[in-house]
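First comes the structure, then the notes that go with it.
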Ligand code: NCD
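Numbering (this note's numbering), first residue to last: 24 to 522.
Right, here's the structure in full:
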């Protein structure tokens with residue numbers, strides 16, 4: 024793989040390989056000698072684009088690049104870029120590429136930026152750049168996961184069979200999201216999560232894992248490792264909610280002394296007040312060592328990026344549409360057999376009739392078609408609402424005279440209205456078609472939007488949403504979809520509500 028975007032893109036073996044690669048860099052950092060793989064005629068240009076504050080991630084990538092002897096460009100803070108002049112993120116990224124970036128490390132407050140950057144570069148023909156995600160909003164922080172895993176491996180000697188506590192803002196901490204996602208049920212880890220209601224970990228990170236949750240620090244007594252996190256103040260939209268959770272958990276000497284004797288306390292840092300000053304130098308608190316492992320880990324990530332950056336990662340094409348023609352007839356014959364429906368609309372002889380639309384979806388489909396510029400000015404479009412229906416109770420019908428919908432939109436429309444039939448009337452024939460909702464829905468021209476306001480696709484004019492369907496509805500269930508960029512999950516209702 025050429026980019027480091029999300030821990031979810033990596034197989035277990037690849038994660039292990041990268042962590043071990045980091046361990047191999049330790050002697051080179053200690054002795055300040057050049058690893059043989061870094062000796063190159065053509066040294067890659069490392070660019071660090073940090074649009075959120077950073078001390079450790081930025082500093083350790085910089086130190087890693089320095090130890091490799093590779094040229095580095097650092098851009099820290101959005102105010103150092105033309106983003107402040109309202110330039111788009113896509114254009115900013117393209118400019119870094121034009122100016123020679125070969126490994127481009129990005130941190131941003133928006134989510135999905137690293138994946139979006141990789142797509143934009145590929146579309147723009149920049150095929151030799153490795154993108155590395157140094158934190159995208161509350162979503163992912165994969166390089167931190169590699170260094171956290173290296174820390175655990177070096178300290179405990181294993182990454183399996185232990186009791187692993189997490190405390191603090193588990194809702195917004197990208198370090199926690201990435202790290203927990205790197206484990207599988209086979210690792211036999213007992214997770215213990217301590218947070219308040221407002222800062223609980225989303226269920227999407229918990230699938231299959233053995234997890235005990237509580238609001239009390241007491242459950243952490245038997246942990247081998249406890250990972251403490253800061254309340255991510257900058258990610259709270261409600262100041263009152265922030266006030267309720269601030270200062271809630273503090274690891275003091277008393278707390279620590281009540282825990283397992285050889286417990287190790289980790290923290291990605293920075294910390295505010297969640298680790299009390301009296302334990303700062305306690306040998307159980309291994310946060311300085313943990314931060315130090317960032318250097319060998321990121322040396323390895325830079326080498327890895329340089330080795331893989333020429334790989335081709337063609338953006339996968341949308342899966343082919345599966346459709347079924349359920350009826351084909353002469354228009355005249357068909358219309359005589361359907362006389363009773365004429366009271367709802369004047370039958371057309373050329374164009375498309377979208378039938379069996381759940382009430383309220385007719386307008387949404389019309390909007391999607393409009394955004395896709397399917398209609399010409401003089402097209403006659405009718406959305407007939409609230410027609411009695413056997414299947415749906417009431418339904419909408421969209422009558423599009425002289426309009427034919429391109430097939431790449433059938434999947435999206437079928438997702439908005441899963442019972443839909445496409446009636447195509449042309450050359451005195453009617454064809455009734457049902458399309459199967461594909462496994463991926465793309466927001467052509469960004470409709471449907473991602474319901475996450477922080478998703479980069481809602482910010483950049485070149486953002487194209489893509490949702491993977493994780494769950495098709497069985498009885499009593501809804502569609503469950505994951506945004507390809509910010510990785511958040513949504514139901515069908517949440518997505519179509521904002522069309
Ligand atoms: C973390 C981050 O930026 O997500 N810091 C880091 O990279 N080591 C944690 C935080 O800001 O709380």
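Positions of the beta carbon are idealized from the N, C-alpha and C atoms, including for glycine.
As the structure is a computational prediction, the values presented were derived from the model and not from experiment.
Residue 442 carries a coil assignment under DSSP once its states are collapsed to helix, strand and coil. When C-alpha distances from residue 354 are compared across 449, 366 and 142, the shortest belongs to 449. Within its own chain, the residues whose Cβ lies closer than 7 Å to the Cβ of residue 142, once the five positions on either side in sequence are excluded, are 338, listed in chain order. For residue 235, the pairing in a beta bridge is given by DSSP as 215. In the DSSP assignment, residue 371 falls outside any alpha helix (DSSP H), carrying neither H nor E.
With a cut-off of 8 Å, the C-beta of residue 157 is classified as near the ligand NCD, since at least one heavy atom of the ligand falls inside that distance.
Excluding the 5 residues flanking it on each side, residue 198 has same chain C-beta neighbours closer than 6 Å at 164, 167 and 291, in chain order. A straight line joining the alpha-carbon of residue 302 with that of residue 77 spans about 24 Å. A residue is called buried when at least 16 other Cβ atoms come within 10 angstroms of its Cβ; residue 118 does not meet this threshold and is exposed. Taking the Cα positions, residue 506 is about 35 Å away from residue 350. If you draw a straight line from the Cα of residue 406 to the Cα of residue 520, it is about 18 Å long. The three-state reading of DSSP puts residue 431 in helix, counting H, G and I together. For the set 130, 424, 231 and 335, the Cα lying nearest the Cα of residue 28 is the one of 130. If you check the C-beta of residue 58 against the ligand NCD, you find no heavy atom less than 8 Å away. For residue 157, the enclosing beta strand (DSSP E) stretches over residues 153–159. In the DSSP annotation of this structure, the continuous segment of the beta strand (DSSP E) that includes residue 98 starts and ends at 95–99. Between residue 158 and residue 258, the C-beta gap is not smaller than 9 Å, which leaves the two residues out of contact. Ranked by Cα distance from residue 400, the options 424, 381, 378 and 411 are led by 424. For residue 467, the secondary structure class from DSSP, reduced to helix, strand or coil, is helix. Per DSSP, the continuous beta strand (DSSP E) segment holding residue 453 begins and ends at 452–458. In this structure, residue 173 sits away from residue 132, with a CB-CB distance that is not shorter than 9 Å. Residue 396 and residue 265 have their C-alpha atoms spaced approximately 44 Å apart. Check the Cα spacing between residue 408 and each of 380, 90, 392 and 390: the tightest is with 380. Rounded to whole angstroms, the separation of the alpha carbons of residue 227 and residue 378 is 35 Å.
When 176, 352, 84 and 298 are compared, the shortest CA-CA separation from residue 247 is found for 176.
Residue pairing of residue 250 in beta bridges, as defined by DSSP: 189 and 289. Contact between residue 382 and residue 418 holds, since their C-beta atoms are separated by about 6 Å, short of 8 Å. Residue burial annotation: residue 56 is exposed, with fewer than 16 other C-beta atoms found within 10 angstroms of its C-beta.
Residue side-chain check: residue 133 keeps its Cβ at 8 Å or more from all non-hydrogen atoms of the ligand NCD. For residue 75, the Cβ falls inside the 8 Å cut-off from some heavy atom of the ligand NCD. Collapsing the DSSP output to three states places residue 520 in a helix.
Boundaries of the beta strand (DSSP E) around residue 491: 488–494.
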